[in-house]
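What follows is a short report on a single structure.
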Amino acid sequence: MKIHDTAAQAYAVASEAYERGRPSYPGEAVACVVDELGVGPSTTVVDLAAGTGKLTRLLVPTGARVVAVEPVTAMRTTLVAVVPGVDVVAGTAEALPLAPESVHAVTAAQAFHWFDRGEALAEIARVLGPNGGLAMLWNQRDESVPWVARLNDLMQWRTQPIPQYVDGLDWAESVAAVDAFTPLHHRQFANPHELDVESLVDRVRSTSYIANWPEPRQATLVDQVRHLVAGFPERFTLPHHTDVFWCHRR
Ligand SMILES: C[S@@+](CC[C@H](N)C(=O)[O-])C[C@H]1O[C@@H](n2cnc3c(N)ncnc32)[C@H](O)[C@@H]1O
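Pasting the structure below:
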């Protein structure tokens, strides 16, 4: 099962920090996905690249059959422990372990940037039934807030030679290039993430390329992050917005 080396190595060691430190998705964003994709009882939704199940668990209350697909064993282990009641299978976006036209909806949260876009979109089109829906979600830290911009600088967020989510039109272009989907829609939702210093440290340490740094380099960054938020209240908010994109199979 081949995925990007940075993701394979990082998520093999950082699944617990990921679960503790990463933000969830806002109710309005999940409602948008559920409504636009028609997820509910008697439907099957596949949460692709499910990780520790941050989105998966929010799909369970819809009454749909929820199938989580995730290639990294450690992420699946955490997912199984924290999200009961879903089918969890090993697989990648480029080779989905699913039959043709077997599902109503596919979601991919904080993940599509890791995929080979063309191969993944072709696979998703293969497993979706007619008019089946695809939703892609991403959380982005709100860099208009000065301390968040400083955090991103400390994390060297903008200068990594790895796939990253970039907002803009290229996602719509990627979907249009496959010719199997309707045009991509987009909505954005506020997503304030309330946390404490330790969960902020987990957030930083679970960042793919940082989880792969040698421990002394991670420790130096953690010291800088602790210093950045030293005067903050015990619990504070790391502001995000959540981008939701969706389309349907033609
Ligand atoms: C940032 S995590 C997102 C996890 C989860 N969806 C969430 O919202 O928290 C990215 C996930 O994508 C998975 N991944 C990376 N490359 C993949 C691929 N080619 N196919 C399927 N999953 C992949 C990783 O193993 C990891 O669990």
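Heads up, the sequence shown is in numbering that gives the first Met the number 0, so the first residue is 0 and it goes up one at a time.
All C-beta atoms, glycine included, are put in the ideal place defined by N, C-alpha and C.
Source: prediction; values computed, not measured.
Review point. Ordered along the chain, which non-local residues of its own chain (more than five positions away) have a Cβ less than 6 Å from that of Arg140?
Key: The count along the sequence shown starts at 1 and reaches residue 140 at position 141. So the qualifying residues of the chain are Val147, His239.
Practice item. Answer yes or no: do Pro70 and Ile2 have a C-beta to C-beta separation smaller than 8 Å? Key: By one-based count along the sequence shown, residue 70 stands at place 71. By one-based count along the sequence shown, residue 2 stands at place 3. Contact flag set, yes.
Review point. Is the closest heavy atom of ligand 1 to the C-beta of Gly26 under 7 Å?
Key: The residue labelled residue 26 in the question sits at position 27 within the sequence shown. Gly26 Cβ: outside cutoff for every heavy atom of ligand 1.
Exercise for review: Inspect the CB distances between the segment 26-40 and the segment 5-12 and report whether three or more fall short of 8 Å.
Suggested key: Taking a cut-off of 8 Å for Cβ pairs, the segment 26-40 and the segment 5-12 do not touch, as fewer than three such pairs fall below it.
Check your understanding: Less than 7 Å between the CB of Leu47 and some heavy atom of ligand 1, yes or no?
Key -> Residue 47 sits at position 48 when you count from the first residue of the sequence shown. Yes, the Cβ of Leu47 comes within 7 Å of a heavy atom of ligand 1.
Check your understanding: Between the segment 32-49 and the segment 106-121, do at least 3 Cβ pairs fall closer than 8 Å?
Key -> yes
**Study point:** C-alpha gap between Leu78 and Phe231, whole angstroms
**Key:** Along the sequence shown, one-based indexing puts residue 78 at 79. Along the sequence shown, one-based indexing puts residue 231 at 232. If I take the Cα positions, the gap works out to 31 Å.
Check your understanding: Would you say the beta carbon of Glu122 comes nearer than 7 Å to a heavy atom of ligand 1?
Key -> As a position in the sequence shown, residue 122 is number 123, starting the count at 1. It does not: the Cβ of Glu122 is nowhere closer than 7 Å to a heavy atom of ligand 1.
Check your understanding: For Asn138, which residues does DSSP report across the bridge?
Key -> Reading the sequence shown from its first residue, position 139 is the one you call residue 138. Paired residues: Thr241.
Check your understanding: So is Ala13 buried or exposed if we call it buried at 16+ other beta carbons inside 10 Å?
Key -> Here residue 13 is taken as the residue at index 14 of the sequence shown, counted from 1. It is buried - the Cβ of Ala13 has at least 16 other Cβ atoms within 10 Å.
Exercise for review: Specify the secondary structure class of Gln187 as computed by DSSP and reduced to three states.
Suggested key: On the sequence shown, position 188 is the one that residue 187 refers to. Strand at Gln187.
Review point. From which residue to which residue does the beta strand (DSSP E) around Asp201 run?
Key: Looking up residue 201 in the sequence shown gives position 202. Counting along the chain, Asp201 falls outside any beta strand (DSSP E), though it belongs to the alpha helix (DSSP H) covering 196-204.
Practice item. Answer yes or no: the CB of Val71 versus the heavy atoms of ligand 1, is any distance below 7 Å? Key: For the purposes of this step, residue 71 is taken as residue 72 along the sequence shown, with counting starting at 1. The answer is yes for Val71.
Review point. Expressed to the nearest angstrom, what Euclidean distance is found between the alpha-carbon atoms of Ala171 and Pro182?
Key: If you number the sequence shown from 1, residue 171 lands on position 172. If you number the sequence shown from 1, residue 182 lands on position 183. Going from the Cα of Ala171 to the Cα of Pro182 covers about 7 Å.
Review point. Per the contact definition of three or more C-beta pairs closer than 8 Å, is the segment 80-100 in contact with the segment 115-129?
Key: The segment 115-129, when compared against the segment 80-100, does touch it at the 8 Å Cβ threshold.
Check your understanding: Which residues bound the beta strand (DSSP E) around Thr43?
Key -> The residue labelled residue 43 in the question sits at position 44 within the sequence shown. First-last of the beta strand (DSSP E) with Thr43: 43-47.
Check your understanding: Residues in its own chain within less than 7 Å of His192 by CB, not counting five upstream and five downstream?
Key -> For the purposes of this step, residue 192 is taken as residue 193 along the sequence shown, with counting starting at 1. For His192, where only same-chain residues beyond five positions count, the Cβ hits under 7 Å are Pro22, Thr236, Leu237, His239.
Exercise for review: Tell me whether His192 sits in a helix, a strand or coil according to DSSP, three-state version.
Suggested key: For the purposes of this step, residue 192 is taken as residue 193 along the sequence shown, with counting starting at 1. Correct three-state label for His192: strand.
Point to revise | Residue interval of the beta strand (DSSP E) (run including Thr106) | key: In the sequence shown, residue 106 corresponds to position 107, counting from 1. Counting along the chain, the beta strand (DSSP E) containing Thr106 begins and ends at 102-108.
Practice item. Could you check how far apart the C-beta atoms of Tyr17 and Ser205 are, in whole angstroms? I think they sit under 8 Å. Key: Residue mapping note: residue 17 aligns to position 18 of the sequence shown, counting from 1. Residue mapping note: residue 205 aligns to position 206 of the sequence shown, counting from 1. Confirmed, about 4 Å.
Exercise for review: Label Gly52 either buried or exposed according to how many other C-beta atoms from any shown protein chain fall within 10 Å of its C-beta, with 16 as the threshold for buried.
Suggested key: As a position in the sequence shown, residue 52 is number 53, starting the count at 1. Counting every other CB atom within 10 Å of its CB across the protein chains shown gives Gly52 a total of 16 or more, marking it as buried.
Check your understanding: Where do the ends of the alpha helix (DSSP H) carrying Val254 lie?
Key -> The chain is shown from 0 up to 249; residue 254 falls before or after that span and cannot be answered.
Check your understanding: Who are the near neighbours of Val38 in its chain, counting only those whose CB is closer than 6 Å to its CB and skipping five residues on each side?
Key -> Taking the first residue of the sequence shown as position 1, residue 38 is located at position 39. Only Val44, Thr61, Ala63, Ala104 meet the Cβ criterion.
Point to revise | His184 to Cys246 span [Cα, whole Å] | key: Position 185 of the sequence shown, counted from the start, is the residue given in the question as residue 184. Position 247 of the sequence shown, counted from the start, is the residue given in the question as residue 246. Approximately 6 Å, taken between the alpha carbons.
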